[in-house]
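If you use the numbering used here, the sequence shown corresponds to residues 36 to 415, in order.
Here's the structure, in structure tokens; my notes come after.
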Amino acid sequence: MRILMLNNEFPPLGGGTGTVNRAILARLADVPGLQIDLVTSALGRAVEHEQFAERVRIYKVPVRNRNLHHSSNRELLTYAARALPLALRLQRRHPYDAVFAWSAVPAGGVALALRKLTGLPYLVRVCGPDIPGFERRYGPLYPVLTPVIKAIWLGASHLVAKCQGEAEMMLAVAPGLTIDLIPNGVDLAQFPQAPIHDDGPLHLLSVARLIERKGQHHLIEAVRRLVAEGYDVVLELVGTGDAEPALREQAEQAGVSQRVQFAGYVPREAIPGRYAAAHVFVLASFNEGMSVATLESMAAGLPAVVTKTSGTDELIDDGVSGFRFAWADLEALTEYLRHFANDRTLARQMGDAARMRARAFTWEHAAARYLAIFERGLSR
Numbered sequence: 036m037r038i039l040m041l042n043n044e045f046p047p048l049g050g051g052t053g054t055v056n057r058a059i060l061a062r063l064a065d066v067p068g069l070q071i072d073l074v075t076s077a078l079g080r081a082v083e084h085e086q087f088a089e090r091v092r093i094y095k096v097p098v099r100n101r102n103l104h105h106s107s108n109r110e111l112l113t114y115a116a117r118a119l120p121l122a123l124r125l126q127r128r129h130p131y132d133a134v135f136a137w138s139a140v141p142a143g144g145v146a147l148a149l150r151k152l153t154g155l156p157y158l159v160r161v162c163g164p165d166i167p168g169f170e171r172r173y174g175p176l177y178p179v180l181t182p183v184i185k186a187i188w189l190g191a192s193h194l195v196a197k198c199q200g201e202a203e204m205m206l207a208v209a210p211g212l213t214i215d216l217i218p219n220g221v222d223l224a225q226f227p228q229a230p231i232h233d234d235g236p237l238h239l240l241s242v243a244r245l246i247e248r249k250g251q252h253h254l255i256e257a258v259r260r261l262v263a264e265g266y267d268v269v270l271e272l273v274g275t276g277d278a279e280p281a282l283r284e285q286a287e288q289a290g291v292s293q294r295v296q297f298a299g300y301v302p303r304e305a306i307p308g309r310y311a312a313a314h315v316f317v318l319a320s321f322n323e324g325m326s327v328a329t330l331e332s333m334a335a336g337l338p339a340v341v342t343k344t345s346g347t348d349e350l351i352d353d354g355v356s357g358f359r360f361a362w363a364d365l366e367a368l369t370e371y372l373r374h375f376a377n378d379r380t381l382a383r384q385m386g387d388a389a390r391m392r393a394r395a396f397t398w399e400h401a402a403a404r405y406l407a408i409f410e411r412g413l414s415r
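Written out as structure tokens, the structure is:
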């Protein structure tokens, strides 16, 4: 069986979708009789080739990304324009059985074009911002993109969402869709359990792009409130993004600049050490699909304080492995963090429960679900 994968991001380029792609690709690489070609983006200005595994080949088209962790509209369009002719050449050379698009935009658009030109069936794994209404900063674009996104969804032989909340958002846009649910996974062996010591300040950790949707401004305000109450607390922000200057200014004006640490980009191999040094994981997002960072924090044995958004129903048992709060509910956020500031034993107990829960989410299980779809066939 020959599968063509399409994804405009792949580590070190991009965020969670690329990380998941790499994890699934590593598991599928060992399946006998399965050959996979991935067309993704190059960091440089020339086409690049990489032999990922014996039967897995990666082709990278130049898009001239200016930001390692976020693609502009121009870069998304450039990927689509260069991925399609390359995919057609690969298809003519060694015909594929199906296409796996890792997002509706831009990968799904390339997959739809391939189906119209060659008849190749395709699967789309939906990426959160692809769903109209998911991200507020894309609000002006959604009216233009929604008909395109719906056409891509309707043209797919299979649609995959990561959680029920994501599927419900899709159905609100296009009722009647058939959607498979395949959660993200995590490799517990990569994440040593955080000891959560009693000494030192309460160490809050957030791993996310620094953009408005991720809600780091709410975390800084919660830190300000706790410090004003006399609590010893620090917040570490891992990630980069266009909101960083505003967040730094907010921390300065709030008088907590010494309490908010901007770690910037941290290589994947160093991320487990950041979880191991923390006491509590925090993510104040307006919307998520199923946060890979939240799963990783659970694997590391950290309690999680996260917003009530897609995926957290499946991941967090309220009051057992963490707490969930409504977007912008600063009173609830501050109260939950106050619990851990007062009681590190509670943090350790919830962290143990989180690590136990994370065992239910494995990359092997996710890869097997995708493989089963392809083995059943994607004929329309």
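All C-beta atoms in this analysis are idealised placements derived from N, C-alpha and C, irrespective of residue type, glycine included.
Small disclaimer: the values here were computed from a predicted structure and weren't measured.
If you run the structure through DSSP and keep just helix, strand and coil, what is residue i?
{"i": "P164", "result": "helix"}
{"i": "R37", "result": "strand"}
{"i": "Y405", "result": "helix"}
{"i": "F375", "result": "helix"}
{"i": "N56", "result": "helix"}
{"i": "E366", "result": "helix"}
{"i": "D387", "result": "helix"}
{"i": "T181", "result": "helix"}
{"i": "V208", "result": "helix"}
{"i": "E44", "result": "coil"}
{"i": "T153", "result": "helix"}
{"i": "R392", "result": "helix"}
{"i": "E399", "result": "helix"}
{"i": "E203", "result": "helix"}
{"i": "P175", "result": "coil"}
{"i": "T380", "result": "helix"}
Classify residue i as buried or exposed, calling it buried when 16 or more other Cβ atoms lie within 10 Å of its own Cβ.
{"i": "T213", "result": "exposed"}
{"i": "Y157", "result": "buried"}
{"i": "P120", "result": "exposed"}
{"i": "Q288", "result": "exposed"}
{"i": "S241", "result": "buried"}
{"i": "R415", "result": "With a pLDDT of only 44 at R415, under the threshold of 50, the placement of this residue in the model should not be trusted; the figure read from the coordinates follows. It is exposed - the Cβ of R415 has fewer than 16 other Cβ atoms within 10 Å."}
{"i": "K151", "result": "exposed"}
{"i": "R99", "result": "exposed"}
{"i": "V295", "result": "buried"}
{"i": "Y94", "result": "buried"}
{"i": "H253", "result": "buried"}
{"i": "D165", "result": "buried"}
{"i": "R248", "result": "buried"}
Assuming residue i and residue j form a contact by the criterion Cβ under 8 Å, report the distance between their Cβ atoms to the nearest whole angstrom.
{"i": "G357", "j": "V340", "result": "6 Å"}
{"i": "G220", "j": "F45", "result": "Actually they are not in contact, since the Cβ atoms of G220 and F45 sit about 17 Å apart, beyond 8 Å."}
{"i": "N43", "j": "T75", "result": "7 Å"}
{"i": "L229", "j": "G386", "result": "One detail in the question is off: residue 229 reads as Ala in this sequence, not Leu. Right, their Cβ atoms sit about 6 Å apart."}
{"i": "H314", "j": "A382", "result": "6 Å"}
{"i": "L368", "j": "A319", "result": "7 Å"}
{"i": "H129", "j": "R259", "result": "That belief does not hold up - the Cβ atoms of H129 and R259 are roughly 58 Å apart, past 8 Å."}
Quick one: what's residue i bridged to in DSSP?
{"i": "V195", "result": "R160, D215"}
{"i": "L270", "result": "L239, V295"}
{"i": "Q288", "result": "BP columns for Q288 are empty, so no partner."}
{"i": "Q70", "result": "R37"}
Is residue i a contact residue of the ligand NAD, with contact defined as CB to any heavy atom under 7 Å?
{"i": "G163", "result": "This structure simply doesn't include the ligand NAD, nor any ligand for that matter."}
Which complete alpha helix (DSSP H) runs does the region 72-145 hold, if anything under 4 residues is left out?
108-128
3-residue-minimum beta strand (DSSP E) runs that sit fully inside the region 298-359, ordered along the chain
315-318, 339-342
Could you tell me which uninterrupted alpha helix (DSSP H) segments, each at least 4 residues in length, are contained entirely in the region 223-268, listed from first to last along the chain?
251-263
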